[in-house]
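**Student:** Sending over a structure as structure tokens; questions will come in a sec.
Protein chains: 2
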Amino acid sequence: MKDLDSELSIRELGEQGLLKRLQAFCPADLVGDDAAVLTTQPGKSLVVTTDVLVDGVHFSDRTTSPEDAGWRAAAANLSDLSAMGATPLGITVGLGVPGDLAIAWVERLYQGLTECLAQYHTVIVGGDVVRSPVTTVAITAFGQADPTRLIRRAAAQPGQAIVVTGIHGASRAGLELLLHPDQGHNLTSSDRAALIRAHQRPIPRLDVLPFLFPIPNPKYPTPFAGMDSSDGLADAILQICRASGVGAQIDRHQIPIPAGLSRWVGAEQAMKWALYGGEDFELVLCLPTDFAAQLVDQLDQSAMIGITTAQPDVWLVDSSHTYPDEQLSFEQGFQHFD
Amino acid sequence: MKDLDSELSIRELGEQGLLKRLQAFCPADLVGDDAAVLTTQPGKSLVVTTDVLVDGVHFSDRTTSPEDAGWRAAAANLSDLSAMGATPLGITVGLGVPGDLAIAWVERLYQGLTECLAQYHTVIVGGDVVRSPVTTVAITAFGQADPTRLIRRAAAQPGQAIVVTGIHGASRAGLELLLHPDQGHNLTSSDRAALIRAHQRPIPRLDVLPFLFPIPNPKYPTPFAGMDSSDGLADAILQICRASGVGAQIDRHQIPIPAGLSRWVGAEQAMKWALYGGEDFELVLCLPTDFAAQLVDQLDQSAMIGITTAQPDVWLVDSSHTYPDEQLSFEQGFQHFD
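Residue numbers (this note's numbering), protein chains in the order written: chain A, 315 to 652; chain B, 315 to 652.
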């Protein structure tokens, strides 16, 4: 006997609903983070993450060169590794391509992939190429981590400082400039270039890990709590809070946004892009307050943006009392799937 | 400046040509086998392999239920691990699906995947689901191996016995029966069922590894030479010979084929399916002759089918002199891509 809803379409159920159903097929201790952790031997964990990108859905020749599509795909996967506290070992690339696609397009994609990977001494270790009516890029990245030095979504505790490792909203603003080149005439040329670069060549924050896990080991309990902000800053905060059973109070004035953005689109739009734009690939961490202060001192453009609370709601508050307090929820968030 | 051929299409260049170009982006020591080997720590190697399957190209509702598509996808990847001498740790599944696909289809796919994995105490450890105009399944499997007990394509030496771990041609014959149910009326019902099952539920030969690498260690130099026969028996022999710089002499009478197949389609067609049909997922190994004899004694339906030679051509010979000697080449082989 089938469930009554077994004929539901994916569109009807939604991505989250489908993922939840599929998680029933996975061991419970392996799902719910940016990547899966596998212990291969005592002392080392293998960390694996996978992403599928489809032409016309996740990239488009209108805004993204093949090199940039490759860079972004590599960066997104390396960001997932960094969000687990893992250093990369390699990626595999599964490619579906129409027969009439130019070889040059594929080579340029791989060029972008390997350019990004090379920054982190990482390589493509294998792959598959098949015929497909639509160009599809499936990437699996794996890395290794010390199992005592992981970053997990569910590890936040009330009273911790919420740290972002950099500005938010830049990728979304860069996309706007690519779609509407006539926009943003009051941006300086270097601010404009920085926004476009943030969209085309995002930086996975693997550089943060040595500060989070210095040798000798810091005197704070691990795993630390955190994830990356690939699906938006608001989504990251909400995901961490839900997984950890805590809430948060975020001060909108503490969220670092790109230079010139408020002047261009206004403070309200800038905040929307910072919270919901997505693809900034920063780390969002919940840390003991003294350790957070120390980390923020060491990382340019990072900031303490709020605090975790025992009460489970997530509030965006305004320390200058211009805006009313606003409760954040998943409904406002950024959804890839429709 | 672009190369003159940079505007070549993938169709024009062919799959092998494209793969060769893409290998330029990978470290040379990581390509050329069924999967990539990464040394994470002394004493253990991480083995990774990836496959992309596209609706209408690699599976079809006409011949394959979603459960069988899932089983076959898992089996193909586990077979690649076994062909490296690795035992599986887990797989990731990247899924691209049209919005109007029934949830039940996807759940049945995962059912088949996990049914196959469960036979080998393996699990899905992560994945991604995205919107795509065409259903696409990208699987990455990883396993671990003792670096002194690997199976490599390039390790064959002249004068070794060529062993297959089971019958060939069964998957291709099963496909024929699914496409043309009126065929094969002279097959027994159990032979018919076995052929269909060989196509729908192929068995990755992870069970062979304990015989190849018994404890205590056999007195033969490793890595052993071999790969799986997923792209056809002829392809596997040719790949091993090319990678190892050896040739082979294969006795057509020694190739194990399914019961009843010659009576149904004739000896010549049966041999074509055995050599070029593909997807039998057996291991093809080149081993010292005494060790090969010992292995074949232990494995049902396995056989020594020939010998490697210093002279680099691959010949199919007929010990009963009914057929003339025939030189095998890649041109006759099984190609996924067109």
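In this text, a Cβ means the ideal position worked out from N, Cα and C, and glycines have one as well. The model shown is predicted, which means the values in this text are computed figures rather than measured ones.
(1) Just to make sure I have the definition right: I need the residues of chain B whose C-beta is within less than 8 Å of the C-beta of residue 446(A). Which are they?
(2) Which residues in the same chain have their Cβ closer than 8 Å to the Cβ of residue 641(B), if we skip the five residues on either side of it in sequence?
(3) Under three-state DSSP, which class holds residue 501(A)?
(4) In terms of DSSP beta bridges, what is residue 587(A) paired with?
(5) Which residues of the segment 518 to 547 of chain A have a Cβ closer than 9 Å to any Cβ of chain B? Give them in chain order.
(6) Following the continuous alpha helix (DSSP H) through residue 576(B), name the residue where it begins and the one where it ends.
(7) Report the CB separation of residue 411(A) from residue 443(A) in whole angstroms; it is logged as a contact under 8 Å.
(8) Between which residues of its own chain and residue 568(A) is the CB-CB distance below 6 Å, once the five residues before and five after are set aside?
(9) Excluding five sequence neighbours on each side, which residues of the same chain lie with their C-beta closer than 6 Å to the C-beta of residue 486(B)?
(10) Below 8 Å on C-beta distance, what does residue 362(A) contact in chain B?
(11) Within a Cβ cutoff of 8 Å, which residues of the same chain sit near residue 389(B), ignoring the five residues on either side of it in sequence?
(12) Where residue 403(B) and residue 363(A) are concerned, what is the direct C-alpha to C-alpha distance, given to the nearest angstrom?
(13) Would you kindly report the start and end of the unbroken beta strand (DSSP E) that includes residue 402(A)?
(14) Which term fits residue 534(B), buried or exposed, when burial requires 16 or more other beta carbons within 10 angstroms of its beta carbon?
(15) Under a Cβ-count criterion, where at least 16 other Cβ atoms within 10 Å of its own Cβ denotes burial, should residue 572(B) be classed as buried or exposed?
(16) From this set, 623(B), 523(B), 492(B), which residue's C-alpha is nearest residue 609(B)'s C-alpha?
(17) Does residue 529(B) pass the burial test, meaning 16 or more other C-beta atoms within 10 Å, or should it be called exposed?
(18) Does the beta carbon of residue 459(B) sit closer than 8 Å to a beta carbon anywhere in chain A?
(19) What's the gap between the Cα of residue 546(B) and the Cα of residue 557(B)?
(20) Cβ closer than 8 Å: which chain A residues qualify as neighbours of residue 323(B)?
(21) Here's a check: name, in chain order, each residue in its chain whose Cβ is nearer than 7 Å to the Cβ of residue 613(B), leaving out the five neighbours to either side.
(22) Would you identify the three-state DSSP class for residue 596(B), choosing helix, strand or coil?
(23) Which whole-angstrom value describes the C-beta separation of residue 399(A) and residue 459(A), a residue pair presumed to lie in contact below a C-beta threshold of 8 Å?
(24) If the cut is a Cβ gap below 8 Å, which residues of chain B does residue 464(A) touch?
(25) Which of helix, strand or coil does DSSP assign to residue 554(B)?
(26) Kindly say whether residue 410(B), judged by its beta-carbon, lies nearer than 8 Å to any beta-carbon of chain C.
(27) Let me know the secondary structure DSSP gives residue 521(B) once reduced to three states.
(28) So residue 311(B) contacts chain A; which residues on that side make the cut at Cβ distance below 7 Å?
(29) Out of 395(B), 637(B), 553(B), point me to the one whose CA is closest to residue 600(B)'s CA.
(30) Three or more C-beta pairs under 8 Å: does that hold for the segment 463 to 479 of chain B against the segment 462 to 476 of chain A?
**Tutor:** Let me spell this out:
(1) Your numbering for residue 446(A) matches position 132 in the first sequence. For residue 446(A), the chain B residues whose Cβ falls inside 8 Å of its Cβ are 366, 368, 371, 448, 450, in order along the chain.
(2) The count along the second sequence starts at 1 and reaches residue 641(B) at position 327. Contacts found: 627, 628, 629, 630.
(3) What you label residue 501(A) is simply residue 187 of the first sequence in a count that begins at 1. Note: residue 501(A) maps to coil in three-state DSSP.
(4) Counting from one through the first sequence, the residue named residue 587(A) turns up at place 273. Its beta-bridge partners do not exist; DSSP assigns none.
(5) Contacts with chain B (Cβ-Cβ distance below 9 Å) from the segment 518 to 547 of chain A involve no residue at all.
(6) The sequence position of residue 576(B) within the second sequence is 262, counting from 1. Element bounds for residue 576(B): 575 to 579.
(7) Sequence index remark: in the first sequence, residue 411(A) carries index 97 (1-based). Sequence index remark: in the first sequence, residue 443(A) carries index 129 (1-based). Confirmed, Cβ separation roughly 7 Å.
(8) Here residue 568(A) refers to the residue found at position 254 when the first sequence is read from its first residue. Excluding residues within five positions, the ones whose Cβ falls inside 6 Å are 617, 619.
(9) In the second sequence, counting from the first residue as 1, residue 486(B) sits at position 172. So the qualifying residues of the chain are 587, 591.
(10) Your numbering for residue 362(A) matches position 48 in the first sequence. By Cβ distance, chain B contributes 404, 406, 439, 440, 454, 456.
(11) Residue mapping note: residue 389(B) aligns to position 75 of the second sequence, counting from 1. Within the same chain, residue 389(B) has close Cβ partners 430, 515, 516, 517, 518, 595.
(12) Counting from 1 along the second sequence, the entry for residue 403(B) is found at position 89. Counting from 1 along the first sequence, the entry for residue 363(A) is found at position 49. Near 14 Å, if we compare the C-alpha coordinates of residue 363(A) and residue 403(B).
(13) For the purposes of this step, residue 402(A) is taken as residue 88 along the first sequence, with counting starting at 1. Unbroken beta strand (DSSP E) run through residue 402(A): 401 to 411.
(14) Translated into the one-based positions of the second sequence, residue 534(B) becomes position 220. That one is exposed.
(15) By one-based count along the second sequence, residue 572(B) stands at place 258. By the neighbour-count rule (16 or more Cβ atoms within 10 Å), residue 572(B) is buried.
(16) Residue numbering aside, residue 609(B) sits at position 295 when the second sequence is read from its first letter. Selected option, being the one with the closest Cα: 523(B).
(17) Residue 529(B) sits at position 215 when you count from the first residue of the second sequence. Result: exposed.
(18) In the second sequence, counting from the first residue as 1, residue 459(B) sits at position 145. So no, residue 459(B) is outside the interface.
(19) Counting from 1 along the second sequence, the entry for residue 546(B) is found at position 232. Counting from 1 along the second sequence, the entry for residue 557(B) is found at position 243. When rounded, the distance between both Cα atoms is 16 Å.
(20) By 1-based counting over the second sequence, the position of residue 323(B) is 9. By Cβ distance, chain A contributes 413, 414, 415, 416, 417.
(21) For the purposes of this step, residue 613(B) is identified with residue 299 of the second sequence, where counting begins at 1. Within the same chain, residue 613(B) has close Cβ partners 479, 522, 525.
(22) Within the second sequence, numbered from 1, the residue matching residue 596(B) stands at position 282. Note: residue 596(B) maps to coil in three-state DSSP.
(23) Counting from 1 along the first sequence, the entry for residue 399(A) is found at position 85. Counting from 1 along the first sequence, the entry for residue 459(A) is found at position 145. Confirmed, Cβ separation roughly 5 Å.
(24) On the first sequence, residue 464(A) is found 150 positions in, with the first residue counted as 1. Neighbours of residue 464(A) on chain B: none; closest Cβ ~15 Å, over 8 Å.
(25) As a first step, residue 554(B) must be located in the second sequence, where it is residue number 240. Helix.
(26) Looking at the structure shown, chain C is missing, and the protein chains on hand are A and B.
(27) Working through the second sequence from its first residue, we reach residue 521(B) at position 207. Here residue 521(B) sits in helix by DSSP.
(28) In the structure as shown, chain B starts at 315 and stops at 652, and residue 311(B) therefore has no counterpart that could be examined.
(29) The count along the second sequence starts at 1 and reaches residue 600(B) at position 286. Considering only alpha carbons, the answer is 553(B).
(30) no
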